[in-house]
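Chains as they are written, first to last, in this note's numbering: chain A, 1 to 430; chain B, 431 to 860.
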C-alpha cells in the first residue's frame with residue numbers, strides 16, 4: 001500500500017527548465033529547488049527534473065515523456081518575447097490546443113508595463129498568446145503571464161524562468177490552483193513531505209554517521225541524509241511520500257538529532273552561520289572586529305551579508321603584508337621574525353591588537369596558507385591559525401585543511417566563525 | 431541537410447545526474463556543465479539533461495528515455511558503496527547485462543585504497559560490480575571505478591558523482607574512449623562545437639543587443655547569446671552542431687564583437703575581473719589597497735581569490751563605523767558631518783587616506799547603502815559612491831543600483847573593480 005500511495009501519479013511532479021543557457025551557458029537550474037520545496041509542503045513529490053534548450057522539437061519530446069510519468073509538470077522559461085521562446089508552441093503541439101491572444105493576459109501585461117511607463121511591443125504581445133482552455137496565471141512582477149492546462153490527467157503549468165517572477169507566481173497562483181485541482185478524496189490525509197535540516201561544522205561525515213547510528217527504525221517512513229561540503233556536513237530528515245507518520249514522531253527524531261550532535265549543530269533550516277553569530281552578538285549587546293589574512297575578506301563579506309550587521313561589526317581589516325600587520329594591529333616585529341606570519345603567536349597578537357585598538361567586545365583573527373604557493377618545509381598549504389580575544393579570555397586554534405585555495409579559504413572562514421559562535425554561546429550561558 | 435546532420439543521433443548526448451540530494455537537497459547538478467563543454471569540443475552536443483533520485487525504477491525510466499533520443503548517455507552518481515547507490519542495477523536492468531565483480535575494477539580499487547593504508551570494506555567491494563561486456567574506466571582519484579557499455583547503438587557511460595573524480599575520468603578515459611568508438615567516417619570533418627564568451631560590465635542587455643545588431647548573417651551557423659546577471663551581460667558566440675563554418679569566420683566575428691563593445695568587455699572565456707585586474711597590477715608593478723564600506727569585504731575576497739595576489743594587494747579594510755573611517759583612513763570628521771558617510775566627498779577621502787597611509791600606487795574605496803535599511807529621503811537604497819586615488823589623479827563615481835542587498839553588493843564590487851581595471855588600462859597605454 002505504501003508503494004501504491006507513493007506511485008499515485010497525481011502526486012508525482014516533474015520540472016522542465018527550458019533555455020539553451022542551461023545547457024551551454026554555464027548556468028544551472030535553481031528554480032526547480034524552490035519548486036521542489038513548495039510542492040513538498042502540499043504532499044507532492046518532484047521525482048524527475050529535465051533541462052532542454054530553446055528547440056521546439058526537443059521541448060515537445062521532453063514534455064511528452066513528462067506527461068507519461070508525472071501528474072504535475074511545471075515548465076519554467078521560454079515564455080519571453082523573442083522567437084527563441086518556444087514553450088507556448090511546444091505545449092500547443094503536444095496538447096493540440098490552439099494559441100490565442102487572451103484578454104486577461106493582455107490586460108495584466110498592459111497594466112504591468114504601464115507602471116513602468118511603457119506599452120507592449122510586438123514581441124511582448126506574443127506573450128499574451130495562451131493555449132485555449134488554459135487558465136491564465138497573472139505575473140505581478142514581470143511582463144510574461146503564465147498558464148495552467150489540464151491534459152490527459154496531467155496538470156501542465158508554464159511559468160517564466162526569471163526566479164523572482166517564478167517564485168511569486170508559484171506562491172500566489174500555482175499552489176492555490178493545484179490545491180483546488182487535486183481531488184480532495186485523494187489529498188485528504190495526505191501528509192506534506194517535511195524536510196528538517198541541521199548544519200554541522202567540525203565533524204567528518206563518518207563521525208556524524210556514527211553518532212546517528214540506529215537513529216531511525218526501519219519501519220519509520222523517514223529518510224536520513226548526510227551531505228558533506230566545505231562548510232560542513234548537512235544532516236536531513238525527510239518524510240516519505242504517501243506514508244503516514246505520527247505527528248510527534250518527526251519532532252522526537254529532531255530532538256534526538258539535537259541531543260546526539262549537540263553544539264556541533266551550528267544552525268537549522270535556512271539559517272546560516274553568519275545569521276546565528278549575528279543574533280548572538282546582537283542579543284548580548286557585543287561588538288566584533290576581524291583581522292583576516294588568508295581568508296582575504298571572506299569573513300567580513302559573510303558577516304556583512306546579514307542586514308543590520310553594522311550594529312555589531314565595527315570594522316575588519318585584511319592584512320596581507322607584515323607591514324600591515326604591524327601598522328594596523330600592532331603585531332610586534334619580533335613575533336613575525338621569530339615565528340613567521342603563519343603562527344599561533346601572530347594569530348593571538350592580531351586578535352589582541354585588533355581588540356585593543358578598536359575597543360570591541362571580541363576580536364577574531366585568521367592567518368594561514370591558502371596555497372597553491374607559500375608553503376615551507378614546516379608549514380604546508382592548508383595550515384591555518386585562528387585567534388580570538390575577548391579581553392579576559394583569549395584562545396587560538398591550529399587547523400590543517402585540505403582542498404584547493406578556494407576550499408581552504410571557505411573552511412578557514414567557517415572555522416573562525418564557529419569559534420566565535422561557541423565563545424558567544426558560552427558567554428550567554430554564564 | 432544541416433538539420434539531418436544536427437539530428438544524427440550519434441552526436442546527440444544526454445546527461446543523467448543521479449542522487450536524491452539533487453532533488454531535495456538544495457544542490458544543483460554542475461557536473462553536466464563540464465561534460466557539455468568537453469563533449470562540445472569533440473563535436474558532440476548535449477541536448478538533454480535529466481536529474482533523478484536514488485530510486486531504481488525511476489533511474490530505469492529515465493535511462494530508457496535517454497537511450498531513445500541520444501547516442502551518448504553519461505550518468506553521474508549512484509556508484510558509491512551504499513545500498514542507496516542504484517546506478518549499476520538500473521543499467522543492468524535496462525540492458526539485460528549481468529553484474530559481475532571485475533578483476534580490473536577490483537585491482538584498481540585495492541591499489542587506490544592501499545595508498546591511503548586501507549583495504550576495501552564490504553560496501554566498497556560492491557563498487558567492483560560492473561556489467562558484463564562493459565569497459566572498466568579506472569578512477570585515479572577515488573575508489574569507485576566507472577564503466578562504458580554500448581547498447582543498441584547508444585554509448586552508456588557511468589561515472590561517480592564527485593566532481594573531481596568525474597572530471598579526471600572524463601578527460602583521461604571517456605573522451606579517448608568516445609573518440610575511438612565514434613565512427614571515423616562520420617566524425618571526419620565534424621566540427622567541434624565552439625563557444626566564445628565575452629564578459630561585459632556597464633551596459634544594459636538592451637544596449638549590448640543594439641550594439642551587436644546585424645552582427646551575424648542568417649546563413650552563418652553561429653548563434654549569438656546574451657545573458658544578464660548582477661556582474662554584467664555575458665555575450666556568447668556558439669557554432670551550430672553539424673554545420674560547416676569557414677575557419678576564419680568565427681575569428682572575424684569575435685574581432686567584430688571586440689570592436690563594437692570595446693572597453694566594455696572586461697574579460698573573455700574563463701577569465702574573471704579579479705584575474706584581469708591582478709594581471710594588470712602585476713604587469714605594471716603597481717600595488718593596491720581597498721577601503722570598503724557597503725561591499726563589506728567582497729572586493730578584498732575577490733582580489734585574494736587569485737593565487738599570488740599578495741604581491742600586489744597590500745591591505746584592505748572594511749570601515750562600517752564613522753569612527754573606523756576616521757581612525758583607519760583619516761577621513762575628516764567635518765566631511766562625515768556635512769555630507770554623510772555615503773557621499774562623493776567621503777568616497778574620495780577614503781581613497782586618498784588609504785593611499786597616503788599605505789604608500790600603494792592606487793587605492794580604491796566604496797561607500798553606499800546596500801539595504802534593506804539605511805535609506806534616507808535623499809539617499810535611497812542602492813546609492814553607491816566609488817573612489818579611486820592614484821596620487822596624480824583621482825576620481826569618484828556615483829552609481830544607483832537596483833536589486834536586493836546581495837545584488838547591490840555584487841554590482842558595487844564589480845563597478846569598483848571595473849573602475850580600477852579601466853584606470854590601469856589607461857596607465858598601461860601611456
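In this text, a Cβ means the ideal position worked out from N, Cα and C, and glycines have one as well.
Computed from a predicted model, the values in this text were never measured in an experiment.
To the nearest angstrom, how far is the alpha carbon of residue 327 of chain A from that of residue 694 of chain B? Each residue's alpha carbon lies about 38 Å from the other.
I think residue 848 of chain B touches residue 581 of chain B, with their Cβ atoms under 8 Å apart; what is that distance to the nearest whole Å? In fact, because the Cβ distance is near 51 Å, the residues do not count as touching under 8 Å.
Residue 410 of chain B touches chain A at which residues, Cβ-Cβ below 9 Å? Because chain B in this structure spans residues 431 to 860, residue 410 of chain B falls outside the shown range and cannot be described.
With which residues is residue 292 of chain A paired in a DSSP beta bridge? Residue 292 of chain A is bridged by DSSP to A/318 and A/366.
Does the count of Cβ pairs from the segment 256 to 273 of chain A and the segment 232 to 241 of chain A closer than 8 Å reach three? Flag = yes, the segment 256 to 273 of chain A and the segment 232 to 241 of chain A touch.
Once DSSP output is grouped into helix, strand and coil, what is the label at residue 163 of chain A? Three-state DSSP puts residue 163 of chain A in a helix.
Given that a residue counts as buried once 16 or more other Cβ atoms are within 10 Å of its Cβ, and exposed if not, what is residue 116 of chain A? Note on residue 116 of chain A: under 16 other CB atoms within 10 angstroms of its CB, so exposed under the neighbour-count rule.
Buried versus exposed call for residue 192 of chain A [16 or more other C-beta atoms within 10 Å across all chains shown]: By the C-beta density criterion, residue 192 of chain A is exposed, having fewer than 16 other C-beta atoms within 10 angstroms.
Please report the distance separating the alpha-carbon of residue 496 of chain B from that of residue 475 of chain B. The alpha-carbon separation between residue 496 of chain B and residue 475 of chain B amounts to approximately 14 Å.
Determine whether the Cβ of residue 749 of chain B lies closer than 8 Å to any Cβ atom of chain A. Yes, residue 749 of chain B counts as interfacial toward chain A.
So with Cβ pairs under 8 Å, would you call residue 194 of chain A a contact of chain B? No - not a single Cβ of chain B is within 8 Å of the one on residue 194 of chain A.
Start-to-end residues for the beta strand (DSSP E) that takes in residue 151 of chain A: Boundaries of the beta strand (DSSP E) harbouring residue 151 of chain A: 146 to 151, taken from the DSSP string.
Cβ-Cβ separation, residue 348 of chain A to residue 396 of chain A (assumed contact under 8 Å), whole Å: Taking C-beta atoms under 8 Å as the contact rule, residue 396 of chain A and residue 348 of chain A qualify, at a distance of about 5 Å.
Minimum Cβ-Cβ distance from residue 634 of chain B to chain A less than 8 Å: Not an interface residue.
Using a Cβ-Cβ distance cut-off of 8 Å, determine whether residue 52 of chain A contacts chain B. With a threshold of 8 Å between beta carbons, residue 52 of chain A makes contact with chain B.
Check whether the segment 378 to 395 of chain A touches the segment 356 to 364 of chain A, counting contact only when three or more Cβ pairs, one atom from each stretch, lie closer than 8 Å. The segment 378 to 395 of chain A makes contact with the segment 356 to 364 of chain A; the number of CB pairs closer than 8 Å reaches 3 or more.
Name the two residues that bound the continuous beta strand (DSSP E) containing residue 706 of chain B. Per DSSP, residue 706 of chain B belongs to no beta strand (DSSP E); it is in the alpha helix (DSSP H), 703 to 714.
In chain order, what residues of the same chain lie with their CB nearer than 7 Å to the CB of residue 641 of chain B, ignoring the 5 residues before and after it? Excluding positions up to five away in sequence, the list reads 690 and 691.
According to DSSP, residue 653 of chain B sits in a beta bridge with which residue or residues? For residue 653 of chain B, the pairing in a beta bridge is given by DSSP as B/668.
By DSSP, does residue 389 of chain A sit in helix, in strand, or in coil? Three-state result, residue 389 of chain A: strand.
Close Cβ partners of residue 830 of chain B (< 7 Å) along its chain, the five nearest in sequence each way excluded: Within the same chain, 812 and 813 come within 7 Å of residue 830 of chain B by CB-CB distance, once the 5 residues on both sides are set aside.
Given this structure, state the Cα-to-Cα distance separating residue 459 of chain A from residue 610 of chain B, to the nearest angstrom. The structure shown does not extend to residue 459 of chain A, since chain A is modelled only from 1 through 430, so no value can be given for it.
With the cut-off set at 8 Å, would you say residue 297 of chain A and residue 734 of chain B are in Cβ contact? Cβ distance < 8 Å, so residue 297 of chain A and residue 734 of chain B count as in contact.
Cut-off 7 Å between Cβ atoms - residues of its own chain near residue 628 of chain B, not counting five sequence neighbours on either side: Answer for residue 628 of chain B: 665, 687, 691, 695 and 698, listed in chain order.
Please confirm if residue 730 of chain B has its CB atom under 8 Å from at least one CB of chain A. Proximity of residue 730 of chain B to chain A, defined by a Cβ-Cβ separation below 8 Å, is satisfied.
Are the beta-carbon atoms belonging to residue 26 of chain A and residue 654 of chain B less than 8 Å from one another? The answer is no: Cβ separation not under 8 Å.
Nearest by alpha-carbon distance to residue 724 of chain B: which of A/308, A/294 and A/285 is it? Closest in C-alpha terms to residue 724 of chain B, from the list A/308, A/294 and A/285, comes A/308.
Please list the terminal residues of the continuous alpha helix (DSSP H) segment that includes residue 128 of chain A. Counting along the chain, residue 128 of chain A falls outside any alpha helix (DSSP H), and DSSP gives it neither H nor E.
Out of curiosity, what's the CA-to-CA distance linking residue 384 of chain B and residue 523 of chain B? Examination of residue 384 of chain B is not possible in this model, given that chain B is present from 431 through 860 alone.
Hey, does residue 673 of chain B have any beta-carbon neighbour from chain A nearer than 8 Å? Contacts with chain A at 8 Å (Cβ-Cβ) do not include residue 673 of chain B.
From the beta carbon of residue 29 of chain A, is the nearest beta carbon of chain B less than 8 Å away? At least one chain B Cβ lies under 8 Å of residue 29 of chain A.
Quick check on residue 478 of chain B - is its C-beta less than 8 Å from some C-beta in chain A? Yes, contact with chain A.
At a CB-CB cut-off below 7 Å, which residues of chain B make contact with residue 314 of chain A? Correct list: 750, 751 and 754.
For residue 481 of chain B, report the span of its beta strand (DSSP E) as first-last. Residue range 475 to 482 is occupied by the beta strand (DSSP E) that includes residue 481 of chain B.
Using a beta-carbon distance below 8 Å, is residue 209 of chain A in contact with chain D? Going by chain labels, chain D is absent from the structure shown, which instead holds the protein chains A and B.
Three-state class that DSSP yields for residue 630 of chain B in the structure shown: Strand at residue 630 of chain B.
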